[in-house]
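**Q**
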Amino acid sequence: MAQKSYSTGTGNGGETQQRGGEALTTNHGIAISDNQNSLRAGARGPTLLEDFVLREKIFHFDHERIPERIVHARGSVAHGTFECIDPIPDLTRASLFAEKGKKTPVIVRFSTVAGGAGSVDTPRDVRGFATKFYTDEGNWDLVGNNIPVFFIQDAIKFPDLVHSVKMEADRGYPQAATAHDTFWDFVSLMPETLHTVIWAMSDRAIPRSFRMMQGFGVHSFKLVNADGEERFVKFHWRPRLGVQSLVWDESAKMQGADNDYHRRDLYEAIAAGDFPEWDFAVQVFDQELADSLPYDVLDATKIIPEEVVPLRVIGRMVLDRNPDNHFAENEQVAFLPSNVVPGIDFSDDPLLQGRLFSYLDTQKSRLGTTNFHQIPVNAPKCPYANMMRDGMMQTQVPTGRANYEPNSLDQAGEDPGPRASDAGFVTAPAAVQGDKLRIRAESFGDHYSQPRLYWRSMTENEQAHIASAFVFELSKVALEHVRNRVLSHLRNIDEDLAARVAKGLAMDLPEAAKPFRAPVDLPPSEALSIQKNWQAVLKGRKVGILFAEGSDKAAIDRLVKAVTDAGGTPFTIAPKVGGIALAGGEMKADGQLAGSPSCLFDAVALVLTEDAARKLTRDSAAVAFVMDAFAHLKAIGHDAGAQPLLDRAGIEPDEGVTDLGALPEAATRRYWAREPKVRDLA
Ligand code: HDE
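So in the UniProt record's numbering, spot 608 of the sequence shown is number 608, and the numbers just go up one at a time.
1) Which residue marks the beginning of the alpha helix (DSSP H) containing residue 262, and which one marks its end?
2) Can you tell me where the alpha helix (DSSP H) holding residue 230 begins and where it ends?
3) For residue 135, which residues from the same chain have a beta carbon less than 8 Å from its beta carbon, with the 5 sequence-adjacent residues on both sides left out?
4) Between the C-alpha atoms of residue 481 and residue 184, what's the straight-line distance to the nearest angstrom?
5) Measuring alpha carbon to alpha carbon, tell me which of 79, 291 and 373 ends up nearest residue 271.
6) With a threshold of 8 Å between beta-carbons, can residue 577 be considered close to chain B, or not?
7) How do the segment 589-608 and the segment 565-580 stand: do at least 3 beta-carbon pairs fall below 8 Å, yes or no?
8) At 3 residues or longer, and completely inside the segment 343-412: list those beta strand (DSSP E) runs for me, N to C.
9) Give me the Cα-Cα distance between residue 331 and residue 371, rounded to the nearest whole angstrom.
10) How should residue 601 be labelled, buried or exposed, when 16 other C-beta atoms within 10 angstroms of its C-beta is the threshold for buried?
11) Hey, residue 313 and residue 233: beta-carbon distance below 8 Å or not?
12) Which residues in the same chain as residue 131 place their Cβ atom closer than 6 Å to its Cβ, once the five residues preceding and following it in sequence are excluded?
13) Please give the ranges of any beta strand (DSSP E) in the segment 423-452, keeping only runs that are unbroken, at least 3 residues long and fully inside the region.
14) Could you tell me which of 167, 286 and 174 sits nearest to residue 222, measuring between CA atoms?
15) How about residue 345 and residue 224: do their beta carbons lie closer than 8 Å?
16) Return the chain-ordered ranges of every alpha helix (DSSP H) run that is complete within the segment 92-131 and spans a minimum of 4 residues.
17) Who are the near neighbours of residue 193 in its chain, counting only those whose CB is closer than 6 Å to its CB and skipping five residues on each side?
18) Taking the beta carbon of residue 532 as the centre, do at least 16 other beta carbons fall within 10 Å, making it buried, or is it exposed?
19) Could you tell me the distance, in whole angstroms, from the CA atom of residue 333 to the CA atom of residue 615?
20) For the beta strand (DSSP E) that residue 572 lies in, which residues bound it at each end?
21) Counting along the chain, where does the alpha helix (DSSP H) carrying residue 484 start and finish?
22) Hey, could you find the ends of the beta strand (DSSP E) residue 196 is sitting in?
23) Quick check on the DSSP output: the beta strand (DSSP E) that includes residue 243 runs from which residue to which?
24) State the Cα-Cα distance for the pair residue 198 and residue 507, rounded to the nearest angstrom.
25) Could you say which of 288, 375 and 81 lies nearest to residue 101 if we only look at CA atoms?
26) Report the residue from 179, 23 and 295 whose alpha carbon sits nearest the alpha carbon of residue 520.
27) Buried or exposed: where does residue 458 fall if 16 or more other Cβ atoms within 10 Å of its Cβ makes it buried?
28) Work out the CA separation of residue 86 and residue 430 for me, nearest whole Å.
29) Determine, using beta-carbon pairs with one atom in the segment 440-454 and one in the segment 419-430, whether at least three such pairs fall under 8 Å.
30) Give me the Cα-Cα distance between residue 418 and residue 397, rounded to the nearest whole angstrom.
31) In its own chain, which residues sit with a C-beta less than 6 Å from the C-beta of residue 416, not counting the 5 before and 5 after it?
32) Does the beta-carbon of residue 530 have 16 or more other beta-carbons within 10 angstroms, so that it is buried, or is it exposed?
33) Applying the 10 Å Cβ sphere with the 16-neighbour rule, what's the burial state of residue 122?
34) Using a 10 Å radius around the Cβ and a threshold of 16 neighbouring Cβ atoms, would you call residue 647 buried or exposed?
35) Looking only at DSSP bridge pairs, what is residue 592 linked to?
36) Suppose the cutoff is 8 Å on Cβ atoms and the five residues either side in sequence are ignored; what does the same chain contact list for residue 556 look like?
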């Protein structure tokens with residue numbers, strides 16, 4: 001029997017479509033009569049080599065996988081639209097920013113960095129935030145991260161950084177984790193990593209959702225207007241739901257409960273019409289301001305705090321369409337920082353300059369051909385034409401003989417092909433002079449002031465998370481000299497941080513490392529703290545409602561409605577999913593208790609009779625459900641019947657433990673003040 005839906009080549013230049021209900025054929029269009037049995041000699045005899053249907057099917061299957069990305073292998077994509085809300089023609093000639101209301105289609109790929117394509121979604125890691133804008137002047141790829149700085153200053157260190165963080169070369173573990181010898185060895189020897197490392201040890205590296213992450217272009221780029229005037233710019237995405245993160249124990253438990261937590265979260269939100277949105281903002285500054293700063297704007301390990309150069313919101317992005325096919329849109333999408341449109345230009349940041357080569361190069365190894373731009377997800381949505389020809393998997397059929405330029409074929413009445421135009425991309429002219437040297441600028445030499453700025457911008461609780469993350473990671477480092485060296489750097493960031501980490505490791509503090517440039521005290525930036533900028537909304541958050549036999553159906557219905565009305569997503573959980581008799585009717589649950597631990601929800605409700613609660617005190621999944629919700633600093637709403645289960649889980653009442661009516665409001669927050677009761681932080 002034929003499959004319901006399958007892909008067919010249309011024979012018109014490689015375009016494929018999904019169609020249904022038509023004849024199943026081979027890749028060469030021969031109709032297949034039987035897709036269940038191979039061709040054999042006799043009913044129980046050997047299979048025949050002649051079976052082209054079998055051979056083609058297995059041949060194709062054998063080659064279905066392509067190399068995964070060397071970094072950012074695990075990612076999730078969504079389509080959407082960028083809209084210009086505050087045009088900036090005075091700053092850039094880029095057409096996507098020219099008019100208020102102008103819309104540009106986009107695809108965004110969010111990713112982890114260190115893990116393989118099949119690894120988990122919630123390790124401690126930087127997240128990629130790569131956007132391809134299909135502008136009417138060609139594709140612009142803003143290939144950013146959710147952390148505004150990077151580990152290294154020069155592209156030549158990238159292979160070393162990545163080798164050190166990936167699973168160790170001999171043993172092949174750990175997967176998707178920085179907590180091991182080689183990563184911290186590299187960090188301890190390269191103090192330029194420390195700013196990004198302190199961000200990675202903070203809650204930024206355990207995001208609650210892709211929908212709740214900021215995005216940063218990281219490097220200084222340039223904007224160039226129609227008069228050729230140029231300014232520096234840094235690009236920022238700001239999630240409308242605010243930045244939200246997990247707590248560490250929760251993120252670790254999620255890895256067991258749902259490998260695909262972030263991918264599922266994004267897909268389900270879009271499928272439900274709950275489209276994630278971001279503001280797009282620029283930080284624009286000129287050379288004079290750059291020269292006045294105590295750090296170098298070409299150094300990708302530095303931020304420019306919002307308090308120094310404010311953000312100007314110029315656009316918004318909505319992601320409203322899920323991919324139709326994971327391979328075609330996620331595995332095959334190719335982002336290139338070298339894709340810029342007229343009006344956007346590169347700075348001399350040595351990390352950016354190296355990236356301009358790497359991403360084009362890697363596509364040949366991953367997608368196998370220089371014609372990767374013809375893959376539908378990568379092709380520009382505006383016309384494109386040039387004299388580049390042929391190559392593996394060429395799918396276009398250019399006509400005529402104009403495959404060189406200049407030519408005068410038009411004088412013979414032939415099509416001369418495309419020509420360069422005045423409207424084309426012009427590199428912003430810059431005077432460059434200097435000796436050819438393999439050297440790092442001295443202005444890149446302060447590695448401690450900005451990590452100190454970050455540390456001092458955090459709440460007390462956020463600082464405790466950072467110190468505890470250092471303790472956790474370094475506790476997994478077996479090489480004592482490496483731990484010592486990391487501690488010696490932490491002293492230059494902040495003595496209190498260093499002392500707390502040393503105490504957490506039960507180690508003595510070593511001498512402070514000798515800095516190349518002595519750190520200075522930069523003013524803290526409120527904008528960097530997640531907790532100080534928390535948006536108390538239920539929109540985008542999920543509430544797990546546990547019920548069991550005999551629960552009050554009306555109370556569950558009321559809660560489901562209240563959560564939905566407030567923009568949240570209710571999810572009902574019971575020991576059995578198929579339908580349970582309740583007071584007031586029968587009810588099916590969305591998930592079974594054993595497969596729906598509370599780490600998957602932002603808040604939980606317990607709607608239980610006393611009898612059922614008593615019974616659940618003997619079910620470790622139910623006890624852990626409540627204990628973990630409390631330990632993960634979540635709101636717990638409950639009725640009177642749930643008390644035996646709360647007692648068994650050792651719940652001490654606080655402002656996050658409420659009755660069912662107060663839960664929708666309480667569920668908009670996390671209860672950080674509870675943390676010292678449930679965890680011994682560094
Ligand atoms: Fe990347 N990076 N990177 N990177 N990067 C890749 O390109 C590289 C850097 C980032 O979802 C690779 O197509 C070098 C900074 C994202 O497909 C590779 C250097 C930032 C993604 C590569 C950097 C990023 C990548 C692997 C130092 C934030 C995923 C596959 C000079 C601004 C894109 C690929 C996607 C992917 C090289 C540093 C972000 C190997 C050499 C800084 C979001 O080419």
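Glycine is no exception: its CB is placed at the ideal position from the N, C-alpha and C atoms.
**A** Straight from the coordinates:
1) Position 262 of the sequence shown, counting from 1, holds the residue named residue 262. Its alpha helix (DSSP H) spans residues 261-271.
2) Residue 230 sits at position 230 when you count from the first residue of the sequence shown. Looking at the DSSP string, residue 230 is not in any alpha helix (DSSP H); the run it does join, the beta strand (DSSP E), is 230-239.
3) Your numbering for residue 135 matches position 135 in the sequence shown. The answer, listed in chain order, is 94, 95, 96, 104, 341 and 382.
4) Indexing the sequence shown from 1 puts residue 481 at position 481. Indexing the sequence shown from 1 puts residue 184 at position 184. Cα-Cα distance, rounded: 11 Å.
5) The residue you call residue 271 lines up with position 271 of the sequence shown. If we check each option's Cα against that of residue 271, 79 comes out closest.
6) No chain B is present in this structure, which holds just one protein chain.
7) As far as the Cβ criterion goes, the segment 589-608 touches the segment 565-580, which means the pair count is three or higher.
8) Counting only unbroken stretches of 3 or more residues, the beta strand (DSSP E) elements lying wholly within the segment 343-412 are 344-346, in sequence order.
9) Reading the sequence shown from its first residue, position 331 is the one you call residue 331. Reading the sequence shown from its first residue, position 371 is the one you call residue 371. Straight-line Cα distance between these residues: approximately 16 Å.
10) One-based indexing of the sequence shown puts residue 601 at position 601. Result: buried.
11) Along the sequence shown, one-based indexing puts residue 313 at 313. Along the sequence shown, one-based indexing puts residue 233 at 233. Remark: C-beta atoms of residue 313 and residue 233 do not approach each other more closely than 8 Å.
12) By one-based count along the sequence shown, residue 131 stands at place 131. Only 106, 108 and 142 meet the Cβ criterion.
13) You should have found no qualifying run.
14) Residue 222 sits at position 222 when you count from the first residue of the sequence shown. With distances taken between Cα atoms, residue 222 lies closest to 286.
15) Your numbering for residue 345 matches position 345 in the sequence shown. Your numbering for residue 224 matches position 224 in the sequence shown. A contact, by the Cβ cut-off of 8 Å.
16) If we require 4 residues or more, the segment 92-131 turns out to have no alpha helix (DSSP H) run fully inside it.
17) As a working mapping, residue 193 is identified with position 193 in the sequence shown. Cβ neighbours of residue 193 beyond the five flanking positions: 151 and 187.
18) Taking the sequence shown and counting its residues from 1, the one referred to as residue 532 is at position 532. Residue 532 comes out exposed.
19) As a working note, residue 333 is residue 333 in the sequence shown. As a working note, residue 615 is residue 615 in the sequence shown. Rounded to whole angstroms, residue 333 to residue 615 spans 51 Å at the Cα level.
20) Within the sequence shown, the letter at position 572 stands for residue 572. If you look at residue 572, you'll find it in the beta strand (DSSP E) that goes 569-574.
21) Here residue 484 refers to the residue found at position 484 of the sequence shown. 480-493 is the extent of the alpha helix (DSSP H) around residue 484.
22) Taking the first residue of the sequence shown as 1, we reach residue 196 at position 196. Unbroken run through residue 196 is the alpha helix (DSSP H), 194-200; no beta strand (DSSP E).
23) For the purposes of this step, residue 243 is taken as the residue at position 243 of the sequence shown. Annotation for residue 243: no beta strand (DSSP E) segment contains it, and DSSP assigns it neither H nor E.
24) Indexing the sequence shown from 1 puts residue 198 at position 198. Indexing the sequence shown from 1 puts residue 507 at position 507. Looking at the two C-alpha atoms, the distance is approximately 20 Å.
25) Position 101 of the sequence shown, counted from the start, is the residue given in the question as residue 101. Nearest C-alpha to residue 101: 81.
26) Within the sequence shown, residue 520 is the residue found at index 520, counting from 1. Cα-wise, what sits closest to residue 520 is 295.
27) Counting from 1 along the sequence shown, the entry for residue 458 is found at position 458. By the neighbour-count criterion, in which a residue is buried when 16 or more other Cβ atoms sit within 10 angstroms of its Cβ, residue 458 is buried.
28) Counting from one through the sequence shown, the residue named residue 430 turns up at place 430. Counting from one through the sequence shown, the residue named residue 86 turns up at place 86. For the pair residue 430 and residue 86, the Cα-to-Cα distance works out to about 29 Å.
29) No: the two stretches stay apart, fewer than three of their Cβ pairs being nearer than 8 Å.
30) Position 418 of the sequence shown, counting from 1, holds the residue named residue 418. Position 397 of the sequence shown, counting from 1, holds the residue named residue 397. So the alpha carbons of these two residues sit roughly 15 Å apart.
31) Indexing the sequence shown from 1 puts residue 416 at position 416. Same-chain partners within the cutoff: 402, 407, 409 and 410.
32) Position 530 of the sequence shown, counting from 1, holds the residue named residue 530. Counting the other Cβ atoms within 10 Å of the Cβ of residue 530 gives 16 or more, which makes it buried.
33) In the sequence shown, the residue the question calls residue 122 occupies position 122. Counting Cβ neighbours within 10 Å, residue 122 comes out buried, since at least 16 surround it.
34) Locating residue 647 in the sequence shown gives position 647, counting from the first residue. Exposure of residue 647 is indicated by the presence of fewer than 16 other C-beta atoms within 10 angstroms of its C-beta.
35) Here residue 592 corresponds to residue number 592 of the sequence shown, with the count starting at 1. Beta-bridge partners assigned by DSSP to residue 592: 574.
36) Here residue 556 is taken as the residue at index 556 of the sequence shown, counted from 1. Within the same chain, residue 556 has close Cβ partners 545, 547, 572, 582, 587 and 607.
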